[in-house]
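*Asks:*
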Amino acid sequence: MSPRLGICGVDEAGRGSAMGPLVVAAVYADGDDGLSAMGVRDSKRLTPKAREALYSEIAGSYEFRVVRAEAWEIDAIMAGSTLNDLEMDLFAAACGGFRALRYYADCFTRDVASFSNALSARLGNAKVIASHGGDAEFPIVSAASIVAKVERDRAMEAVSEKYGGIGSGYPSDAKTMGFIENWIREKGVPPREARTSWEPIRKMMVVSRNSKLTDW
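According to my numbering, the sequence shown holds residues 1 to 216 in order.
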């Protein structure tokens, strides 16, 4: 727990992916000035090279904390909960390492006020300022988005080294979905890093089972 009372920003990477972890990062700073001068911005607007460079600068000057949920953990939790509840818990876990005057967050639910109240309650009724697009609006959240994205990209690089090229891990990526489909067809089950609770993967598993039944 930091003894200072600055600001903390939190964001995620990998929420909607079909493969790989959901990564949440919280960054703590005395204020936004240094981050603004550094040139942080929404990680989605940066090249991988620029993200890595900014990640190194952030790591060298600021405190941050990263928490993650692996695909199989997400599947287990979602059997009795929701993705929003899981992510809210991860946001609180990441932010909970820092005692801040204000916590800034990129809101991942429709209702910003309810989101802010829920995160505030998990942080002991702390001041939470959230918005849709917070990763572009608040430099402290931009920094968190960069850390989360780089950490997830590194995790996916490790997955790619294990299996070969698998793409980005997102359902919109034909390479990723083709890899998962072929794996299920050959092995009968998805790879461990795939989220079996996601509807496209469940459908692949149903098709695979039905195909094996018709083989008889």
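Where a beta carbon is used, it is the ideal one built from N, C-alpha and C, also for glycine.
No experiment lies behind these values; they were computed from the predicted model shown.
1. Can you tell me the Cα-Cα spacing of Ala155 and Val112, whole angstroms?
2. Identify whether Ser131 lies in helix, strand or coil by the three-state DSSP scheme.
3. Which one of Asp106, Leu101 and Val141 has the shortest CA to CA distance from Asn125?
4. Can you tell me the Cα-Cα spacing of Pro139 and Glu73, whole angstroms?
5. Is the beta carbon of Tyr104 sitting closer than 7 Å to the one on Val141?
6. Considering only C-alpha positions, which residue in the set Ser160, Val24 and Ser61 is nearest to Leu86?
7. Does the beta-carbon distance from Ala26 to Tyr62 come in below 7 Å?
8. So, with DSSP's three-state summary, where would you put Leu101?
9. Secondary structure at Ala18, three-state DSSP: helix, strand or coil?
10. When you compare the CB positions of Gly169 and Met19, do they come within less than 7 Å of one another, or not?
11. Classify Gly9 as buried or exposed, calling it buried when 16 or more other Cβ atoms lie within 10 Å of its own Cβ.
12. With three or more C-beta pairs closer than 8 Å as the rule, is the region 90-100 touching the region 42-59?
13. Put Ala113 into one of helix, strand or coil per three-state DSSP.
14. Quick one: measure Cβ to Cβ for Asp11 and Asp106, integer angstroms, because I've assumed they're closer than 8 Å.
15. Which value, in whole angstroms, describes the spacing of the CA atoms of Ala136 and Asn210?
16. Within 10 Å of its beta-carbon, does Glu186 have 16 or more other beta-carbons around it, so buried, or fewer, so exposed?
*Replies:* Considering the structure as presented:
1. Stepping through the sequence shown from its first residue, residue 155 is reached at position 155. Stepping through the sequence shown from its first residue, residue 112 is reached at position 112. So the two alpha carbons sit approximately 30 Å from each other.
2. For the purposes of this step, residue 131 is identified with residue 131 of the sequence shown, where counting begins at 1. Ser131 falls in the strand class under three-state DSSP.
3. Position 125 of the sequence shown, counted from the first residue, corresponds to residue 125. Per the Cα distances, Leu101.
4. Indexing the sequence shown from 1 puts residue 139 at position 139. Indexing the sequence shown from 1 puts residue 73 at position 73. Near 30 Å, if we compare the C-alpha coordinates of Glu73 and Pro139.
5. Stepping through the sequence shown from its first residue, residue 104 is reached at position 104. Stepping through the sequence shown from its first residue, residue 141 is reached at position 141. It is a contact, given that the beta carbons lie within the stated cut-off.
6. To locate residue 86, count along the sequence shown from 1; it is residue 86. Ranking Ser160, Val24 and Ser61 by Cα distance to Leu86 puts Val24 first.
7. The count along the sequence shown starts at 1 and reaches residue 26 at position 26. The count along the sequence shown starts at 1 and reaches residue 62 at position 62. No, the Cβ-Cβ distance between Ala26 and Tyr62 is not below 7 Å.
8. Translated into positions along the sequence shown, residue 101 becomes position 101. Leu101 falls in the strand class under three-state DSSP.
9. In the sequence shown, counting from the first residue as 1, residue 18 sits at position 18. The answer is coil: DSSP assigns Ala18 none of H, G, I, E or B.
10. For this step, residue 169 is matched to residue 169 along the sequence shown. For this step, residue 19 is matched to residue 19 along the sequence shown. The answer is yes: Cβ separation under 7 Å.
11. Along the sequence shown, one-based indexing puts residue 9 at 9. So Gly9 counts as buried.
12. Contact fails: fewer than three Cβ-Cβ distances are below 8 Å.
13. Stepping through the sequence shown from its first residue, residue 113 is reached at position 113. Three-state DSSP puts Ala113 in a helix.
14. To locate residue 11, count along the sequence shown from 1; it is residue 11. To locate residue 106, count along the sequence shown from 1; it is residue 106. That belief holds up - the Cβ atoms of Asp11 and Asp106 are roughly 5 Å apart, short of 8 Å.
15. As a working mapping, residue 136 is identified with position 136 in the sequence shown. As a working mapping, residue 210 is identified with position 210 in the sequence shown. Cα to Cα, Ala136 sits roughly 46 Å from Asn210.
16. Taking the sequence shown and counting its residues from 1, one reaches residue 186 at position 186. Per the 10 Å Cβ criterion, exposed.
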